[in-house]
Each structure stands twice: as C-alpha cells, then as structure tokens.
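Numbering (the working numbering), first residue to last: 15 to 93.
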Amino acid sequence: MENPHEERQSLLLERITKSVHRLNEALQELDRSVVEINNHNQAVIIVSDLSEAYRRNAAFNLHNMDAHAEDAQGKSSLE
15 MENPHEERQS LLLERITKSV HRLNEALQEL DRSVVEINNH NQAVIIVSDL
65 SEAYRRNAAF NLHNMDAHAE DAQGKSSLE
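So this is what it looks like as structure tokens:
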C-alpha cells in the first residue's frame, strides 16, 4: 500500500517545480525586456548628452556675443 503522505508530497513537489519553471520563464522575459529598455535608454542618453553640449555651447557663445557687444559700445562711447 502506498503512503498517502508521500503521494501528496509528490504532487506538491510537482506543483512547486512547475511554478518555479514558470517563474524562471517570467524572469527570463523580464531580463530580455530590461536589456531592451537599457539599449533604448542608451540612445536617449546619447541624444541628451548632445543636447546638453549644444546648450552649453550656445550659452557660451551668447555670453561672448554680449561681452563683445558691450566692449564695442564702450569703445564707441570713448570716441
């Protein structure tokens, strides 16, 4: 005669094994999604860096244009 506890434990172990397998598949899918998101974010980071560099250069040039204009006005008022 078979032990009923052993049969129940076997069924529970089988359910646990299937659940762990499904969890593993879900985690693998999550990992693939995170890799895809990271790749997409890398492109966004590059665009952000380019935009920030452009902003800094524009601010620098505007500042220099203002300083140059003030120098030109100062020289013309001295003449």
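Idealized CB from N, CA, C, for every residue including glycine.
(request) Return the CA-CA distance between Asn52 and Arg70, expressed in angstroms with no decimal places. (result) For Asn52 and Arg70, the gap between their C-alpha atoms comes out near 26 angstroms.
(request) Return the CA-CA distance between Asn78 and Asp63, expressed in angstroms with no decimal places. (result) Near 23 angstroms, if we compare the C-alpha coordinates of Asp63 and Asn78.
(message) I'd like the ranges of any alpha helix (DSSP H) spanning at least 4 consecutive residues and lying wholly in the region 15-50.
(response) The qualifying runs do not exist here; there are none.
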